[in-house]
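Below is one structure, written out as structure tokens, with a few remarks after it.
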Amino acid sequence: MNETAIETVPLGSDPLSELDIPDGTTVEEHDLVTDGDVIVGGQSTVEFGVRGRTVIADERVRFGGHIEAEGDCRLDMWCDVADNVLVGEDAYIGERVHIGGELRVAGDLDIGDDVDIENGFEANGWIVIRNPMPTIVFLFVYLSQLLRIGEEDAAEEVIDEMLDDGSDEHDPVLIPRGASVSDDAWRVSTPATVGDDCRLHGNIRAKSLEVGRDTVVFGSLRAKDDIVVGRGTEIKGDVTTRSGTVRVGPGAKVWGDISGTTVELHENATVDGTIRASEEMRMHTETVLDRPDESAAAMAEMAESLEADTDTTEPAIERSDSDDTEPAADTADDNSATVDSATTDDGDIDGATSSDTSEDSPDVEEAAESAE
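Structure representation (structure tokens):
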């Protein structure tokens, strides 16, 4: 019974089954910088530093730089960090972890045996010396128990809470098991997905590749299967697939060569090098990515907000116009009525003037007689 339950677990549910780089991720001065979490699979190598919200590393992960986590940081057994580890909240350090610099924790510290910290550590909260259960082992055991009793919905909720705690809307950086990430190359044996508005250094090697919109890759792309390059993206190198299709979106630019079984190039894309297709090469006018365009959604929201503002201001303008113009119209009507009444009584305006003069003439004559 237990073996059958384990066999029914879908392999696609593994969140570390691919390299996933979310929108807005950059590599700045040998640091991987993201607004979300960073989750690294076991036996991986990250040659540069990491800055993110929560940093989680499985067993035997090696970091070539420092770690800065705004939230929690969890390093499982045999992890190696070449520089400092700075944690904004709580830290969980497994046994036999090596830290080449110092460890500073703003919250509680849960630390295992035989941990080597070369420059010492400091924690503002509680310090507990024990061996925390490895993160991946704990999640695997917990999810396995949920799946055995048929609580698939609860298992999905656990995964969602692990990947997004609700503090923001940023997706995590997922680095699969056995990956090698550096300024020279990103090498994984799984599919790889790069988000929009990213800036990456190094060649990317994966089973298949999908690069988002308005991203800059200072290197080449190479995959066994299909490669997709989104709108406005720059690849400052070659794009090569062994047995798949290369699809290039509108406004994209490839500074090197393109090679593939089939090459589909947008009519507004630019290729500085040579295009080689073993089967077919064609031009198209379609979008190459099915993912939602967040920039277009943002523009739509902005347009809706502007329309809403216009709707709220128009009635005020109408009221001000009606308030100003209607009294003016009434005044004009009163004036016209006054002129009309004068004209009706006296015949015309000149008549009214002569009538006024005739009324004053007796006084004038009396003044003349007195002067005589």
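1 is the number of the first residue of the sequence shown in full-length UniProt numbering; add one for each residue after it. Each residue gets a CB set at the ideal place from its N, CA and C atoms; glycine is no exception.
Is residue i near the ligand GDP, in the sense that its beta carbon is under 7 Å from a heavy atom of that ligand?
i	result
Ile-275	As far as ligands go, the structure on display features none, and thus does not contain the ligand GDP.
Quick check on DSSP: helix, strand or coil for residue i?
i	result
Glu-156	helix
Arg-74	strand
Leu-86	strand
Arg-104	strand
Ser-180	strand
Arg-148	helix
Val-141	helix
Arg-130	coil
Name the DSSP bridge partner or partners of residue i?
i	result
Gly-49	Asp-31
Asn-203	Ala-185
Tyr-92	Arg-74, Asp-110
Asp-80	Arg-62, His-98
Asp-37	Beta-bridge pairing links Asp-37 to no other residue.
Thr-26	Val-33, Arg-199
Asp-116	His-98
Arg-222	Arg-205, Thr-240
Glu-122	Arg-104
Thr-193	Asp-20, Glu-210
Just mark residue i as buried or exposed, buried being the case when its beta carbon has 16 or more other beta carbons within 10 Å.
i	result
Tyr-92	buried
Ala-154	exposed
Trp-126	exposed
Glu-264	buried
Glu-28	exposed
Val-288	buried
Asp-165	With a pLDDT of 48 at Asp-165, under the threshold of 50, the modelled position of this residue cannot be trusted, and the question is left open.
Arg-130	exposed
Pro-191	buried
Thr-270	exposed
Val-128	exposed
Thr-285	exposed
Gly-120	exposed
Val-173	buried
Asp-23	buried
Arg-222	buried
Asp-90	buried
Ser-44	buried
Ser-189	exposed
Glu-118	exposed
Val-97	buried
Gly-42	buried
Asp-114	exposed
Alpha carbon to alpha carbon, how far is residue j from residue i? Give it in angstroms, no decimals.
i	j	result
Arg-231	Gly-273	19 Å
residue 378	Asp-116	The first residue shown for the chain is 1 and the last is 372, placing residue 378 beyond what the model contains.
residue 449	Val-85	Nothing can be reported for residue 449: it is not among the residues displayed for the chain, which extend from 1 to 372.
Val-61	Glu-18	17 Å
Val-254	Arg-177	30 Å
Glu-7	Ile-39	Because Glu-7 sits at a pLDDT of 35, beneath the cut-off of 50, its placement in the model cannot be relied upon, and the point is left open.
Asp-83	Asp-257	38 Å
His-30	Asp-214	21 Å
Val-229	Val-246	8 Å
Ser-180	Val-194	16 Å
residue 428	Arg-53	Because residue 428 is not part of the residues shown, which for the chain are 1 to 372, the question remains open.
Asp-80	Gly-212	32 Å
Asp-35	Glu-95	28 Å
Phe-63	Gly-112	19 Å
Asp-238	Asn-124	50 Å
Glu-156	Glu-279	42 Å
Ala-277	Asn-203	21 Å
Ser-243	Ala-185	21 Å
Glu-102	Arg-51	16 Å
Thr-261	Gly-100	47 Å
Asp-20	Met-77	24 Å
Gly-249	Glu-210	11 Å
Arg-148	Ala-69	35 Å
His-66	Cys-73	12 Å
Ile-56	His-170	16 Å
Glu-234	Glu-152	41 Å
For chain D, find out if any of its Cβ atoms is closer than 8 Å to the Cβ of residue i; answer yes or no.
i	result
Arg-187	Note that chain D does not occur in the displayed structure, where there is just one protein chain.
**OP:** Could you name each continuous beta strand (DSSP E) segment of 3 residues or more that falls completely within the region 242–306, going from the start of the chain to the end?
**Re:** Counting whole runs of 3 or more residues, the region 242–306 contains the beta strand (DSSP E) stretches 245–248, 258–266, 275–284.
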